[in-house]
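Each remark here refers to the structure printed beneath this line.
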Amino acid sequence: MTKHQKRLSVPKSWPVERKTEVFTVKADAGPHGEEGVPLVVLLRDVLGYVDSAKEARYALSEDSIIVNGEPINDEQRPIGIFDILAFPGRGEFYRVFPDEGGRLALTEIDEESADSRLGKIDGKQQVPGGDTQLTLHDGTTVLVDDEFSAKDSVVVDNEDKSIVAHFPYEEGALVTAIRGNHGGKIGEVESIDVTPGSGSNTVTVSTDDGAFETVEEYVVVIDENFTGEDSDAESEERQAASDGGDDE
Numbered sequence: 007m008t009k010h011q012k013r014l015s016v017p018k019s020w021p022v023e024r025k026t027e028v029f030t031v032k033a034d035a036g037p038h039g040e041e042g043v044p045l046v047v048l049l050r051d052v053l054g055y056v057d058s059a060k061e062a063r064y065a066l067s068e069d070s071i072i073v074n075g076e077p078i079n080d081e082q083r084p085i086g087i088f089d090i091l092a093f094p095g096r097g098e099f100y101r102v103f104p105d106e107g108g109r110l111a112l113t114e115i116d117e118e119s120a121d122s123r124l125g126k127i128d129g130k131q132q133v134p135g136g137d138t139q140l141t142l143h144d145g146t147t148v149l150v151d152d153e154f155s156a157k158d159s160v161v162v163d164n165e166d167k168s169i170v171a172h173f174p175y176e177e178g179a180l181v182t183a184i185r186g187n188h189g190g191k192i193g194e195v196e197s198i199d200v201t202p203g204s205g206s207n208t209v210t211v212s213t214d215d216g217a218f219e220t221v222e223e224y225v226v227v228i229d230e231n232f233t234g235e236d237s238d239a240e241s242e243e244r245q246a247a248s249d250g251g252d253d254e
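Per the working numbering, residue 7 is the first one in the sequence shown, and the count goes up by one each step.
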């Protein structure tokens, strides 16, 4: 089986240039399915921390790159939406978040925010013992004893895998579109229109610039802390405080 992937046929979410070269790295089997981007692509093409897969393998051998709380040693490990990348030696932490058009991008976050990650509930089922097992968007499973619904979002602690927050999918919820023509846009659910039969339900999302309509599968409920806006505001406040201290 080839270890390469033609750039022209990669998913639209991959943050790679499609016409500069013929091939790029192919993702290994793992989380996020075909949408998962090989870790080396983010290290080389997005962050510029390595120049080759060989350099990426060396960095990984030093346990210097943490994904969702765990050291990674496979440079082709798929990385996808809402994953947390940590570089402890650099003091850098990132969340994978949809950019304009649904292309995956890295949003810088603080160390505390890197302790947990967001997950969309794709399904749930009863398991032996009476517990409920949730299946998240990346294939992760979590056992719970509370009431959750498909399409809700949860925040999972990266250390003990417990659920630390729950965001229901409902009118008024803050969501982001992760795919489609409106990928990367953020707004509040204005209405949910149920389509009879096997067709996809549609959702209308109101934004600061108006509103858009998309299929239900393309939106994920988020918290304001997951947009990166709070981190930016905190950085500006710290900078303003620092500037004020210098004046004194």
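Every residue gets a Cβ at the ideal spot worked out from N, C-alpha and C, and that includes glycine.
Nearest to I169 by alpha-carbon distance, out of F154, N207, T220 and K60, is F154. Taking C-beta separations shorter than 6 Å and ignoring five residues to either side along the sequence, the partners of V227 in its chain run S159, F173, Y175, A179 and V181, following chain order.
Excluding five sequence positions before and after T147, the CB atoms of its chain that fall closer than 6 Å to its own CB belong to Q139 and T141, given in chain order. Under the three-state reduction of DSSP, K60 is assigned to helix. Separation of D51 and D229 (C-alpha to C-alpha, rounded to the nearest whole angstrom) is 29 Å. Spanning the alpha carbons of D199 and H188 requires a straight line of approximately 18 Å. In this structure, T210 sits near A217, with a CB-CB distance shorter than 8 Å.
DSSP, reduced to helix, strand and coil, places L53 outside both helices and strands of the structure shown, so it counts as coil. For D116 against D137, the beta-carbon gap comes to about 33 Å, at or over 8 Å, which does not count as contact. In chain order, S70 place their CB closer than 8 Å to the CB of G95, counting only its own chain and leaving out the 5 sequence neighbours on each side.
Ranked by Cα distance from N79, the options I90, A65 and G203 are led by A65.
DSSP places G136 outside any beta strand (DSSP E), giving it a letter other than H or E.
Shown here for E219: same chain residues with a beta carbon closer than 8 Å to its own, the five before and five after excluded, namely T208, V209, T210 and V211 in chain order. Within the region 173-200, complete beta strand (DSSP E) segments of at least 3 residues are found at 180-183 and 192-199, given in chain order. Annotated as proximal: L91 and Y100, with beta-carbon spacing under 8 Å.
In the structure shown, E76 falls within a strand segment according to DSSP collapsed to helix, strand and coil. Excluding residues up to 5 positions away in sequence, L45, R83, I85, D89, I90, L91 and A92 lie with their Cβ nearer than 8 Å to the Cβ of V73 in the same chain. Note that the C-beta distance between E223 and V195 is not below 8 Å. Residue pairing by DSSP puts S122 in a beta bridge opposite D163. In the displayed model, G205 falls within coil according to three-state DSSP, outside both helix and strand. Between the C-alpha atoms of T201 and G108 there is a straight-line separation of about 24 Å. In its chain, beyond the 5 residues on either side, E81 have a beta carbon closer than 6 Å to the beta carbon of R63. I192 is positioned such that its CB atom lies no closer than 8 Å to that of I87.
Taking every protein chain shown into account, the CB of E68 has fewer than 16 other CB atoms within 10 angstroms, so this residue is exposed. In terms of Cβ geometry, G129 and A171 do not form a close pair [threshold 8 Å].
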